[in-house]
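For the record, the sequence lines run as chains A and B. Numbers given in our numbering equal positions in the first sequence, counted from 1, plus 3. Numbers given in our numbering equal positions in the second sequence, counted from 1, plus 7. We treat Cβ as the ideally placed atom computed from N, Cα and C, and that holds for glycine. Just so it is clear, the structure is predicted and the values come from calculations on it, not from any experiment.
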Amino acid sequence: MSQKELLKINNLKQYFPIKGGFLGRTVDHVKAVDDVSFEIYEGETLSLVGESGCGKSTTGRAILRLDDPTDGTIEFDGEDLLSLNKSQMRKRRKDLQVIFQDPYASLNPRQTVGKILTEAMEIQKAVPKDKQRERAIELLETVGLNAEQIDRYPHEFSGGQRQRIGIARALAVNPKLIICDEAVSALDVSVQAQVLNLLKKLQKQFNLTFLFIAHDLGVVRHISDRIIVMYLGNVVEVADKKTLFENPQHPYTKSLLSAIPTPDPENKKERIVLQGDVPSPISPPSGCRFHTRCPFATEVCKTKVPELRNLDHMNEGHRAACHHIEKIKSGEMQPSYDQHAKV
Amino acid sequence: MSAEPARESNNKPEKVDSPMKRSMKEFYYKLSKNKSALVGGYLIIILIIIAIVGPFLTTFDPVEPDYGAKLEGPSAEHWFGTDNHGRDIFTRIIHGLSITMTIGFFSTLLGGVTGVLVGIVSGYYGGKVDAVIMRLMDILLAFPGILLALALVSILGANTQNVILAVAISAIPTFARIVRGSTLATKNLEYIDAMKALGASDARIIFKHILPNISSPIIVQASLYIATAVLSASGLSFLGMGAQPPSPELGAILSDGRDYMWDAGHIALFPGLVIMLIVLAFNVLGDGMRDALDPKMNK
Numbered sequence: 004m005s006q007k008e009l010l011k012i013n014n015l016k017q018y019f020p021i022k023g024g025f026l027g028r029t030v031d032h033v034k035a036v037d038d039v040s041f042e043i044y045e046g047e048t049l050s051l052v053g054e055s056g057c058g059k060s061t062t063g064r065a066i067l068r069l070d071d072p073t074d075g076t077i078e079f080d081g082e083d084l085l086s087l088n089k090s091q092m093r094k095r096r097k098d099l100q101v102i103f104q105d106p107y108a109s110l111n112p113r114q115t116v117g118k119i120l121t122e123a124m125e126i127q128k129a130v131p132k133d134k135q136r137e138r139a140i141e142l143l144e145t146v147g148l149n150a151e152q153i154d155r156y157p158h159e160f161s162g163g164q165r166q167r168i169g170i171a172r173a174l175a176v177n178p179k180l181i182i183c184d185e186a187v188s189a190l191d192v193s194v195q196a197q198v199l200n201l202l203k204k205l206q207k208q209f210n211l212t213f214l215f216i217a218h219d220l221g222v223v224r225h226i227s228d229r230i231i232v233m234y235l236g237n238v239v240e241v242a243d244k245k246t247l248f249e250n251p252q253h254p255y256t257k258s259l260l261s262a263i264p265t266p267d268p269e270n271k272k273e274r275i276v277l278q279g280d281v282p283s284p285i286s287p288p289s290g291c292r293f294h295t296r297c298p299f300a301t302e303v304c305k306t307k308v309p310e311l312r313n314l315d316h317m318n319e320g321h322r323a324a325c326h327h328i329e330k331i332k333s334g335e336m337q338p339s340y341d342q343h344a345k346v
Numbered sequence: 008m009s010a011e012p013a014r015e016s017n018n019k020p021e022k023v024d025s026p027m028k029r030s031m032k033e034f035y036y037k038l039s040k041n042k043s044a045l046v047g048g049y050l051i052i053i054l055i056i057i058a059i060v061g062p063f064l065t066t067f068d069p070v071e072p073d074y075g076a077k078l079e080g081p082s083a084e085h086w087f088g089t090d091n092h093g094r095d096i097f098t099r100i101i102h103g104l105s106i107t108m109t110i111g112f113f114s115t116l117l118g119g120v121t122g123v124l125v126g127i128v129s130g131y132y133g134g135k136v137d138a139v140i141m142r143l144m145d146i147l148l149a150f151p152g153i154l155l156a157l158a159l160v161s162i163l164g165a166n167t168q169n170v171i172l173a174v175a176i177s178a179i180p181t182f183a184r185i186v187r188g189s190t191l192a193t194k195n196l197e198y199i200d201a202m203k204a205l206g207a208s209d210a211r212i213i214f215k216h217i218l219p220n221i222s223s224p225i226i227v228q229a230s231l232y233i234a235t236a237v238l239s240a241s242g243l244s245f246l247g248m249g250a251q252p253p254s255p256e257l258g259a260i261l262s263d264g265r266d267y268m269w270d271a272g273h274i275a276l277f278p279g280l281v282i283m284l285i286v287l288a289f290n291v292l293g294d295g296m297r298d299a300l301d302p303k304m305n306k
């Protein structure tokens with residue numbers, strides 16, 4: 004990878020305290036994100052995938068400092084965001100923007116579209132006051148809305164249009180990185196495709212970098228360059244899109260990928276069904292966090308935390324956190340339970 | 008107001024109402040379906056007009072005694088009769104109406120604004136600030152409103168300004184609680200996070216994004232609280248802790264009439280009826296507004 008690193012996250016931890024008792028003491032922590040490291044290269048789309056509660060959105064919020072992380076560093080363009088004070092961070096926010104999941108909750112119902120966009124510019128002083136309206140119209144056209152719609156209110160738009168307004172607001176301050184937190188999950192499929200294509204177009208046009216948080220693997224496959232798979236606050240596998248879909252190494256990734264439906268009813272695909280539920284992030288399992296559900300788990304998995312490794316048979320940049328990659332690959336290890344559901 | 012430029016720049020014939028205007032129309036429609044609330048609303052408008060214009064139109068003096076016409080019953084000359092000093096009760100009530108309503112409005116305004124600020128800060132910042140503020144509010148709430156006002160007035164001294172202050176202070180916790188609750192619900196919405204991600208200051212988020220979105224419960228509470236404030240103010244005057252004689256505050260007139268209940272019941276009767284009318288009007292309007300502003304009542 005010769006590209007420039009735009010964002011580098013080291014050992015990010017986000018523990019949310021659980022208050023209890025009469026005096027509201029901290030009795031325990033929800034370890035939403037526990038020791039996560041990754042980097043985003045300029046101009047790429049990196050996806051964070053995983054099931055609900057695995058810490059993908061928490062990671063995104065931590066990068067934006069909407070919640071302050073417990074530990075770790077977040078380097079943006081070589082500068083640690085966590086070391087900035089409030090007013091320095093306020094200026095920095097110009098470069099990092101976010102698009103939210105729910106287009107109905109992400110726009111203030113009492114502001115017109117024009118006001119929403121010009122306020123963003125005003126806060127960051129991105130555009131001089133007399134040019135703001137002009138720029139707002141330009142932005143609306145960029146995201147595929149009409150200039151006449153500038154004085155309308157959010158309730159007059161459909162979900163897809165509202166999401167476009169959200170995108171326009173993020174673009175209003177000319178950011179470098181946009182975090183898309185489940186940006187298309189609330190939209191129906193045809194609108195999803197439109198919004199995804201819009202995002203791709205904008206990425207080329209403005210040289211944007213995306214951190215795409217999603218649970219829909221179809222969407223992820225469409226938009227990503229690289230993918231990070233998370234499970235219970237940890238990264239279990241990192242790879243570029245093609246490698247991950249064709250040659251997954253971690254048992255969790257394999258099971259996740261097998262859940263993608265195929266459009267061909269004749270094609271009897273192997274469906275890997277995991278046993279049990281996701282353990283509580285309050286007291287996550289020791290060692291490899293996946294060992295309670297992993298069909299290949301052994302004693303070592305219960306005690307030793309696996310590191311992200313790149314092995315000979317894997318592509319460059321492909322890393323997975325499992326103790327038994329080689330043995331599973333060679334067929335030396337067999338699953339301990341029948342993981343193929345009879346569908 | 009804000010819909011005006013919308014129509015200018017919009018070439019399409021359809022009108023685009025601002026959510027404020029749209030919700031005002033919808034609000035009036037729903038309020039008008041509740042007949043008693045509408046009557047309450049009109050009654051309040053009439054009472055306000057009387058309170059403002061009335062004192063200029065009365066022919067008698069509200070405080071100057073006329074011992075030639077003591078304790079007269081209602082007649083063509085003295086519509087509501089006269090009191091023990093021969094003062095025209097009708098004139099006194101008209102003048103008293105403006106005093107009582109002023110106390111009601113200003114104490115609600117003062118207490119409401121303070122309570123809203125306290126509640127919004129408490130809800131928005133949370134944590135220790137919230138804990139301290141809400142415990143203070145709990146302490147204030149532990150006293151019955153009238154008792155608290157009575158205690159405050161007896162410390163500060165009995166006059167109209169202090170009554171306003173005392174009633175306002177007992178209004179703070181009620182507003183603070185309601186606003187805190189609504190703030191908690193609103194501050195976790197994504198558009199607030201979006202504003203934070205843009206680097207908006209806390210003041211901007213609070214005043215431009217949270218406050219406009221929690222205004223309905225505040226309006227309802229204000230309307231209901233004016234009724235309570237009027238009652239507290241008259242109650243204090245009745246007990247001699249509010250407006251001082253010869254000021255024609257409604258509670259004070261009522262108190263004057265108490266000594267002559269058996270001989271000249273009209274002295275106490277008319278101010279009592281007017282107090283009841285004010286309280287009833289605000290309560291009915293407040294209830295009607297609560298229903299009209301409740302999104303769950305949408306059909």
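- Residue pairing by DSSP puts residue 23/A in a beta bridge opposite 28/A.
- Minimum Cα-Cα distance from residue 275/A among the listed residues 328/A, 198/A and 263/A corresponds to 263/A.
- The C-beta of residue 74/B has fewer than 16 other C-beta atoms within 10 Å across all chains shown, which makes the residue exposed.
- For the alpha helix (DSSP H) assignment, the uninterrupted runs of no fewer than 4 residues enclosed by the stretch 190-214 of chain B are, from N- to C-terminal side, 197-204.
- Beta-bridge partners assigned by DSSP to residue 160/B: none are found.
- In the three-state DSSP reduction, residue 54/A falls in the coil class, being neither helix nor strand.
- Secondary structure of residue 290/B (DSSP, three-state): helix.
- For the stretch 185-212 of chain B, residues whose beta-carbon sits nearer than 7 Å to a beta-carbon of chain A comprise 196, 197, 198, 200, 201, 203, 204, 205, 206 and 207.
- Note that the stretch 78-87 of chain A does not touch the stretch 159-173 of chain A; fewer than 3 beta-carbon pairs, one per stretch, sit closer than 8 Å.
- By the neighbour-count definition (other C-beta atoms within 10 Å, threshold 16), residue 214/B is an exposed residue.
- Distance from the CA of residue 97/A to the CA of residue 204/A, rounded to the nearest whole angstrom, comes to 21 Å.
- For residue 219/B, the residues of chain A that pass the 7 Å Cβ criterion are 113, in the order they occur in the chain.
- The continuous alpha helix (DSSP H) containing residue 123/A extends over residues 116-127.
- Neighbourhood of residue 337/A in chain B, by CB distance below 7 Å: empty, with the nearest CB roughly 46 Å away.
- When secondary structure is reduced to three states using DSSP, residue 237/B falls in the helix class.
- The stretch 56-66 of chain A makes no contact with the stretch 157-166 of chain A: fewer than 3 CB pairs, one atom from each, lie closer than 8 Å.
- Contact note: residue 109/A reaches chain B through 197, 198 and 201, using a C-beta cutoff of 7 Å and chain order.
- Separation of residue 306/A and residue 189/B (C-alpha to C-alpha, rounded to the nearest whole angstrom) is 47 Å.
- As the crow flies, the alpha-carbon of residue 274/B is around 32 Å from that of residue 150/B.
- Within the model, the alpha-carbon separation for residue 208/A versus residue 143/B is close to 55 Å.
- Approximately 6 Å separates the beta-carbon atoms of residue 91/B and residue 78/B; this is inside 8 Å, confirming the contact.
- Within the stretch 208-236 of chain A, the complete alpha helix (DSSP H) runs of at least 4 residues fall at 220-226.
- For the pair residue 126/A and residue 239/B, the Cα-to-Cα distance works out to about 45 Å.
- Excluding residues up to 5 positions away in sequence, nothing lies with its Cβ nearer than 7 Å to the Cβ of residue 196/A in the same chain.
- Around the beta carbon of residue 17/A, 16 or more other beta carbons lie within 10 angstroms, which makes this residue buried.
- In the displayed model, residue 75/A falls within a strand according to three-state DSSP.
- For residue 304/A, the enclosing alpha helix (DSSP H) covers residues 302-306.
- When 8 Å is used as the limit between beta carbons, residue 176/A is near these residues of chain B: 205, in chain order.
- It is roughly 15 Å from the alpha-carbon of residue 70/B to the alpha-carbon of residue 261/B.
- With the criterion set as a beta carbon lying under 7 Å from some beta carbon of chain B, the members of the stretch 122-133 of chain A are 123, 126 and 127, in sequence order.
- Apart from the 5 residues on each side of it in sequence, residue 139/A sits with its Cβ closer than 7 Å to the Cβ of 117, 120, 121 and 153 in its chain, given in chain order.
- Per DSSP, the continuous beta strand (DSSP E) segment holding residue 101/A begins and ends at 99-102.
- With the rule of 3 Cβ pairs closer than 8 Å, the stretch 132-148 of chain A does not count as touching the stretch 244-260 of chain B.
- Spanning the alpha carbons of residue 311/A and residue 322/A requires a straight line of approximately 5 Å.
- With respect to the C-alpha of residue 259/A, the residue from 214/A, 247/A, 291/A and 112/A having the closest C-alpha is 247/A.
- Looking from the CA of residue 206/A, the closest CA among 26/A, 45/A and 24/A belongs to 45/A.
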